[in-house]
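Asks: Below you will find the structure I want to go over with you.
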Amino acid sequence: MMKGRTLFFKSPLHHRSHLSDAASSASSAAAGFPSSHRLYQVWRGRNRFLCGGRLIFGPDASSIVLTLALIMTPLALFLGFVSFRLADLIGKPLGLAVPVTAIVVGVFDVVVLVLTSGRDPGIIPRNARPPDPEEFAAAASPAAANSTAGAGGLRTSWSLPPTRDVYVNGMAVKVKYCHTCMLYRPPRCSHCSVCNNCVERFDHHCPWVGQCIGKRNYRFFFMFISSTTFLCLYVFGFCWVNLLLITRQYNCGLARAAAESPVSGFLIAYTFVTAWFVGGLTAFHSYLVCTNQTTYENFRYRYDGGKANPFNRGAANNVAEIFLAPIPPPRADFRARVSMSDPDAVALYYSLGPLASESRISFYTRGSLSFDMAKASFDLDYSSSAGNNNKRTSVASSDFEDIVYGYGHGGMDHHRCSTTQPRHSIFGAGRESRKVEDEADAVTVELTGGSSRGYD
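Every position in the sequence shown, counted from 1, becomes a number in this note's numbering once 598 is added.
Below is the structure:
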């Protein structure tokens, strides 16, 4: 009996990660894995893919079902209990325009919702290796170029300057280095913590559409919220018209009319509340479009507070940029083949393992480690067995021989590399970051011959 295919393909791969490129290639071949995959099958973001990578959704794509229900349910009630009755009361052919307009706007609303949610928002592909820090340090000074070398003279991504200055319309704009994607983000780009991707012209991650809003889908997002606002006001207005016509027909008050058509009363209350929400959102984004801002920039930089906006070219040009400029092609071809014979592909997609997996903790090492060890991920099993013992995947000490250095001459005076350099974590401050540090401490103590408190 054949098993049904799953609706979504969820990145990343389910096989284990390995510490070296050669070991990963050999073990994958021995395990019977194909020599190549589609890019969407090994993508290290948290996206979900449909139709063989042709549609890309965020990890919270299931929220689209709720959004559709909130739109289509009141629309169906309006069509079934209000609009056709209004058509009879108003008379043909003008009365038929009421349900037809509602249907057309409702279909358009669903189409732009799908285009917003199932489209690449402007994802920037990850680099297989960090850029050469000498390029940026040498431009500053020879001393800075020498300082980019880690312990042992090797270059690491942590030696790169955290920010760079680029000029947009004659104004200096700082761009940041992303340690997850190993690239300097273009202006207006930001890394989405929900999808785990760098997105061009990042506006925000919308939970109602389950997708990031960026350069390639902002136009459709604006159409979605504006058409939803229009639909709410349309239903709200014609429900009132229906009640008023009932009062004239039966020569009664609004209370009696609401009793004759309770659906109209319910839709008036529902659309009144909804219109305030989506209407306010539409008004806010109309302001952002006219001033060429993103939601992220508006809350972070506050250009209207005296700081000049380097992207503002005037209201007319700003509107044309959003709605009339051609949409750029996606930077990542998620249907492209990724071959295991390509060293960069192996380093990026196979050997390091999926960065976004909830069952892995990423250890970021610096100093004397090469890039191949800079972002290794290890499987950790936190399930409790008899005696409440936690199981960890054992790792050969040779793989970590360079993590610990600085042994004292008179005894075992251990100094981890993080004692001289600040820790970096994609999880940010909080309990998750603390847990990563505790795991790193436990591995360090174990490999240096000490005892790891709290582990077997």
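Every residue gets a Cβ at the ideal spot worked out from N, C-alpha and C, and that includes glycine.
Taking the beta strand (DSSP E) that F655 belongs to, which residues open and close that run?
Replies: The residue given as residue 655 occupies position 57 in the sequence shown. Note, F655: beta strand (DSSP E), L653 to F655.
Asks: Over the uninterrupted beta strand (DSSP E) stretch that includes Y765, give me the two end residues.
Replies: Counting from 1 along the sequence shown, the entry for residue 765 is found at position 167. From DSSP, the beta strand (DSSP E) with Y765 extends over T761 to V766.
Asks: Tell me whether A855 is buried or exposed, calling it buried when 16 or more other Cβ atoms sit within 10 Å of its Cβ.
Replies: Reading the sequence shown from its first residue, position 257 is the one you call residue 855. So A855 counts as buried.
Asks: How is the alpha helix (DSSP H) around C888 delimited, first residue to last?
Replies: By one-based count along the sequence shown, residue 888 stands at place 290. From DSSP, the alpha helix (DSSP H) with C888 extends over P860 to T889.
Asks: I think R933 touches G651, with their Cβ atoms under 8 Å apart; what is that distance to the nearest whole Å?
Replies: For the purposes of this step, residue 933 is identified with residue 335 of the sequence shown, where counting begins at 1. For the purposes of this step, residue 651 is identified with residue 53 of the sequence shown, where counting begins at 1. Yes, R933 and G651 are in contact; Cβ-Cβ is about 5 Å, under 8 Å.
Asks: Buried or exposed: which applies to I925, given that a residue is buried once 16 or more other Cβ atoms fall within 10 Å of its Cβ?
Replies: In the sequence shown, the residue the question calls residue 925 occupies position 327. I925 is exposed by the Cβ-count criterion.
Asks: Please classify N849: does DSSP put it in a helix, a strand, or coil?
Replies: As a position in the sequence shown, residue 849 is number 251, starting the count at 1. Here N849 sits in coil by DSSP.
Asks: Taking 8 Å as the cut-off, does the region 787-797 touch the region 676-695 (at least 3 CB pairs, one atom from each stretch)?
Replies: As far as the Cβ criterion goes, the region 676-695 does not touch the region 787-797, which means the pair count is below three.
Asks: According to DSSP, simplified to helix, strand and coil, what is D1000?
Replies: Reading the sequence shown from its first residue, position 402 is the one you call residue 1000. For D1000, the predicted structure reports a pLDDT of 40, less than 50, and the residue's modelled location is therefore unreliable. A value from the coordinates is still provided. Three-state DSSP puts D1000 in coil, outside helix and strand.
Asks: May I ask which residues mark the beginning and end of the beta strand (DSSP E) holding V771?
Replies: For the purposes of this step, residue 771 is taken as the residue at position 173 of the sequence shown. Its beta strand (DSSP E) spans residues M769 to C776.
Asks: Just how far apart, CA to CA, sit V944 and M938?
Replies: Numbered from 1 along the sequence shown, position 346 holds the residue referred to as residue 944. Numbered from 1 along the sequence shown, position 340 holds the residue referred to as residue 938. Distance between the alpha carbons of V944 and M938 is about 6 Å.
Asks: Do the region 898-914 and the region 697-712 touch if we need at least three Cβ pairs shorter than 8 Å?
Replies: Output reads no: the region 697-712 does not touch the region 898-914.
Asks: Among S634, W641 and G704, which one has its Cα closest to the Cα of V833?
Replies: Position 235 of the sequence shown, counted from the start, is the residue given in the question as residue 833. Ranking the options by Cα distance to V833, first place goes to G704.
Asks: My output table needs one value for Y947: the three-state DSSP class, helix, strand or coil.
Replies: As a working note, residue 947 is residue 349 in the sequence shown. Y947: helix per DSSP, three-state reduction.
Asks: Would you kindly report the start and end of the unbroken beta strand (DSSP E) that includes S1089?
Replies: With the chain represented from 599 up to 1054, any question about residue 1089 goes unanswered, as that position is not in the structure.
Asks: Hey, out of A913, E919, Q847 and K772, whose CA is closest to D686's CA?
Replies: Stepping through the sequence shown from its first residue, residue 686 is reached at position 88. Considering only alpha carbons, the answer is Q847.
Asks: Just the Cα atoms here: how many angstroms apart are P728 and L829?
Replies: As a first step, residue 728 is located in the sequence shown; it is residue number 130 there, counting from the start. As a first step, residue 829 is located in the sequence shown; it is residue number 231 there, counting from the start. The alpha-carbon atoms of P728 and L829 are separated by roughly 48 Å.
Asks: For a quick check, are the C-beta atoms of S791 and D707 less than 7 Å apart?
Replies: Residue numbering aside, residue 791 sits at position 193 when the sequence shown is read from its first letter. Residue numbering aside, residue 707 sits at position 109 when the sequence shown is read from its first letter. Not in contact: S791 and D707 (Cβ atoms no closer than 7 Å).
Asks: Out of F818, L758, Y638 and D763, which has the shortest C-alpha to C-alpha gap to C776?
Replies: Here the question's residue 776 lines up with position 178 in the sequence shown. Out of F818, L758, Y638 and D763, L758 has the C-alpha closest to the C-alpha of C776.
Asks: With a 10 Å radius around its C-beta and 16 neighbouring C-beta atoms as the bar for buried, classify C850 as buried or exposed.
Replies: Position 252 of the sequence shown, counted from the first residue, corresponds to residue 850. Answer is exposed; the Cβ neighbour count stays below 16.
Asks: Could you give the DSSP three-state label for K813: helix, strand or coil?
Replies: Numbered from its first residue, the sequence shown carries residue 813 at position 215. K813: coil per DSSP, three-state reduction.
Asks: From this set, F682, I844, R717 and I722, which residue's C-alpha is nearest F647's C-alpha?
Replies: Position 49 of the sequence shown, counted from the start, is the residue given in the question as residue 647. The shortest C-alpha separation from F647 is found at R717.
Asks: List the residues that DSSP assigns as beta-bridge partners of Y782.
Replies: On the sequence shown, residue 782 is found 184 positions in, with the first residue counted as 1. Y782 pairs with Y775.
Asks: What is the DSSP secondary structure of R646, counted as helix, strand or coil?
Replies: Position 48 of the sequence shown holds residue 646. If DSSP states are grouped into helix, strand and coil, R646 belongs with the strands.
Asks: Contact defined as beta carbons within less than 8 Å: I believe L684 pairs with F822. What is the distance between those atoms, to the nearest angstrom?
Replies: Counting from 1 along the sequence shown, the entry for residue 684 is found at position 86. Counting from 1 along the sequence shown, the entry for residue 822 is found at position 224. In fact, because the Cβ distance is near 26 Å, the residues do not count as touching under 8 Å.
Asks: Go through its chain and collect everything with a Cβ distance to G804's Cβ below 6 Å, but skip five positions before and after it.
Replies: As a first step, residue 804 is located in the sequence shown; it is residue number 206 there, counting from the start. Note on identity: in this sequence residue 804 is Cys, with Gly being the wrong assignment. Closer than 6 Å at the Cβ level, and outside the excluded window around C804, lie I811.
Asks: Tell me the DSSP bridge mates of S661?
Replies: Taking the sequence shown and counting its residues from 1, one reaches residue 661 at position 63. In the DSSP output, where bridge partners are listed per residue, S661 has none listed.
Asks: Work out the CA separation of D942 and S884 for me, nearest whole Å.
Replies: The residue labelled residue 884 in the question sits at position 286 within the sequence shown. The residue labelled residue 942 in the question sits at position 344 within the sequence shown. The straight-line gap from Cα to Cα measures roughly 43 Å.
Asks: Within the same chain, show all residues whose beta-carbon is closer than 7 Å to that of F831, passing over the 5 residues directly before and after it, in chain order.
Replies: For the purposes of this step, residue 831 is taken as residue 233 along the sequence shown, with counting starting at 1. Checking the sequence, you will find Leu at residue 831 rather than Phe. Answer for L831: A873, listed in chain order.
Asks: What does DSSP give as the partner residues of C787 in its beta bridges?
Replies: As a working mapping, residue 787 is identified with position 189 in the sequence shown. C787 pairs with nothing; no bridge assigned.
Asks: Quick one, are the C-beta atoms of Y782 and V771 less than 7 Å apart?
Replies: Within the sequence shown, residue 782 is the residue found at index 184, counting from 1. Within the sequence shown, residue 771 is the residue found at index 173, counting from 1. No, these two residues do not count as a Cβ contact at 7 Å.
Asks: Quick one: using the 10 Å Cβ neighbour count with 16 as the cut-off for buried, is P672 buried or exposed?
Replies: Taking the sequence shown and counting its residues from 1, one reaches residue 672 at position 74. Buried.
Asks: Straight-line CA distance for V936 to L653?
Replies: Position 338 of the sequence shown, counting from 1, holds the residue named residue 936. Position 55 of the sequence shown, counting from 1, holds the residue named residue 653. Roughly 18 Å separates the two Cα atoms.
Asks: DSSP on R636, reduced to helix/strand/coil?
Replies: Here the question's residue 636 lines up with position 38 in the sequence shown. In the structure shown, R636 sits in a strand (DSSP, three-state: E or B).
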